[in-house]
Every structure is written in structure tokens, then in C-alpha cells.
Amino acid sequence: MAQDMLISGRAERVVVVAGDNASGDTLLPWLGSGFRALGAASTKSVVEDAALPFDLRRSGMILGAGGIGMVIETEMSLIERLGKSAIKARLLATQYSNSAFHGAALDRKHIASELKRFFNDIDLIHGISKAEIATHGVYFSHETCTHASSASSCSGNEIAALREALGDQLLSKLLILNTKGFTGHPMGVSFEDVAAVQVLLKQTVPPVPNYKVKDDYLGELNISKGGPYACRYALRFAAGFGSQVAFALYSTGQDN
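Everything in the sequence shown is counted per the numbering used here, starting at 2 for the first residue and increasing by one.
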């Protein structure tokens, strides 16, 4: 929405702030019991046994809390204020939509169709192919560590959509990252977007925490082990209750 405001000329600079306290004393009894009723929350007593993105041992999400802030600005406005060297990253494209379908589990077919539409628009507008993104990019997943099941899980539906949109060969090249293994699921707080900017700025990626046991159902994945990593793009996927599906593509601050 912030990008839409900038593109339409309604603003030159937008300050985006998000905060949530899903694990606090007020919300936890309500959200926690709801996720337990869905079978989506972890009951493990040790965090290393619960925070297991993409791992076969995953059995439920951890609720989290936090806050983020970002300043998104037109290039002309930023250059006039601080100069071109101040550009930390570029927000190339965003897309948000609603499938009017899922109450809880992600709809992999809808995610795949929307991701294909996103890739097509990026190629048309920016001349950046999905092969370029997969080869020279990183992917910030929505994965919440819900139970490993071939019937339905966050990672199962998410990876199936990625494979449908990219194919096996390109998916194997795309480095997969995850922040919820560190922060828990903070509901309305998008740590991934801030982390995406930092990864592009520092050219260093975090590891996917506690990943040890491959889930064969997910297939071959390029799971991040952490460390220096040269990348030009960061693709971010988010989903929410009410069938919200959103994508964002960031690039380095340099001209592409």
C-alpha cells in the first residue's frame, strides 16, 4: 500500500510502522488456545525442539511479538535530501490479493497463481526474469513451523506453490531464509521486510535455525546455512487469516 501511494503521487515518503504482541499476557490466552484448537501451535518446552522451519520434526508454531519501522521513499526525494549513496535498497514491486477461501490453511493453488502473476509483472515492467531472481536472489519464507504433514502445512503449501511457479531447477537455486525460527510468529509484524533490506545491504544471510532433518515431502531445497552471500534480490512472501496473500521484491541499492 505504501508503494501504491508513492507510485500514484499521493506521497513522496511513507513511514511504515508495525507492532503486535501475540505472545503477551492479554492476547496469548486467546490466540494460543485458538492455534492449539487448530493443531497449529507447538507444545514443546524447549525452543530448539519447537523452532524448526522446514525440518521434518516441526510440530507447531511459536507465537511471538515485536515491532518494526521502515521508511519508503521515492528515489528523487531521497536523492534531494541525502544523495544517491543513501539508498539502502529498492522496493521494486509489491502485490497483495485475497483468495476469499482459506480460513486457516494456505491455499497452494491460489499462492502459485498469484506468484506467477507477480513474476510476469516484474518481467514485463522491470525486465527481470524469474530465473534471474532465483539465481541471484534470496527468498524470505512465511513458514511458521506448523506440523509436518503431506495433507497441509505452511511449508508444504508454500513450497508447492514455489515449485509450481518456478519449477524444480530454479527452486533448487533459490536460497531459502526464515525469520520466524528466530522471532516466533509475530502476527502483524513483518520482520522479513526489514531483514530483506539488511541482507541486501550487508550481503550476509542468517541460517535457518535448528535445521537438521530433511522433510522428503518438501523435496530438494536450498536451505540457508548462514554467512556471506552475494545477492541482488530478496523475494518476500506473506499470508494472513482472511486469505490475504502478499509478495514484495527488493533489490540492492545499486542500479540493476
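Using N, Cα and C, we set each Cβ at its ideal position, and we do this for glycine too.
If you draw a straight line from the alpha carbon of residue i to that of residue j, how long is it in whole angstroms?
{"i": "Pro54", "j": "Leu176", "result": "14 Å"}
{"i": "Thr136", "j": "Leu171", "result": "7 Å"}
{"i": "Tyr97", "j": "Thr27", "result": "30 Å"}
{"i": "Gly84", "j": "Ile123", "result": "27 Å"}
{"i": "Lys181", "j": "Ala41", "result": "14 Å"}
{"i": "Lys110", "j": "Cys155", "result": "13 Å"}
{"i": "Ala247", "j": "Phe183", "result": "21 Å"}
Note down, in chain order, each residue of its chain lying with its Cβ closer than 6 Å to the Cβ of residue i, except the 5 sequence neighbours on either side.
{"i": "Ala90", "result": "Val198, Leu201, Tyr251 and Gly254"}
{"i": "Met71", "result": "Val17"}
{"i": "Leu57", "result": "Ala149, Val214 and Asp216"}
{"i": "Tyr230", "result": "Val206"}
{"i": "Leu29", "result": "none"}
Would you decide whether residue i is buried or exposed? Buried here means 16 or more other CB atoms lie within 10 Å of its CB.
{"i": "Ile8", "result": "exposed"}
{"i": "Leu222", "result": "buried"}
{"i": "Phe141", "result": "buried"}
{"i": "Val209", "result": "buried"}
{"i": "Glu81", "result": "exposed"}
{"i": "Met188", "result": "buried"}
{"i": "Glu74", "result": "buried"}
Sort the options by Cα distance to residue i and report the nearest one.
{"i": "Ser151", "options": "Val195, Leu219, Leu125 and Val214", "result": "Leu219"}
{"i": "Gly61", "options": "Thr75, Lys45 and Glu76", "result": "Lys45"}
{"i": "Ser24", "options": "Lys213, Gly185 and Asn211", "result": "Gly185"}
{"i": "Glu193", "options": "Phe238, Lys226, Leu39 and Glu165", "result": "Phe238"}
Short of 8 Å in beta carbon distance, which residues of its chain neighbour residue i, apart from the five on each side in sequence? Order them along the chain.
{"i": "Ala101", "result": "Ser244"}
{"i": "Phe286", "result": "No statement about residue 286 is possible, as the shown extent of the chain runs from 2 to 257 and does not include it."}
{"i": "Ile134", "result": "Phe120, Ile123, Leu175, Tyr234, Leu236 and Leu250"}
Please go through the same chain and pick out, in chain order, the residues whose beta-carbon is closer than 7 Å to the beta-carbon of residue i, but skip the five residues on each side of it.
{"i": "Glu144", "result": "Pro54, Phe55, Cys155, Ser156, Glu159, Asn179 and Lys181"}
{"i": "Ala132", "result": "Leu171"}
{"i": "Val190", "result": "Ala19, Gly20, Asp21, Gly67, Gly68 and Ile69"}
{"i": "Lys117", "result": "Ala166"}
* Residue ranges of each beta strand (DSSP E) within the stretch 20-91, 3 or longer -> For the stretch 20-91, whole beta strand (DSSP E) runs of length 3 or above, ordered along the chain, are 66-74.
* To do: Tell me the start and end of each unbroken alpha helix (DSSP H) in the stretch 141-176 that is at least 4 residues and wholly inside, in chain order.
  => 155-174
* Would you mind listing the alpha helix (DSSP H) stretches within the stretch 170-237 that are 4+ residues and don't spill past its ends, in chain order? => Listed in chain order, the complete alpha helix (DSSP H) runs (minimum 4 residues) inside the stretch 170-237 are 181-184 and 192-203.
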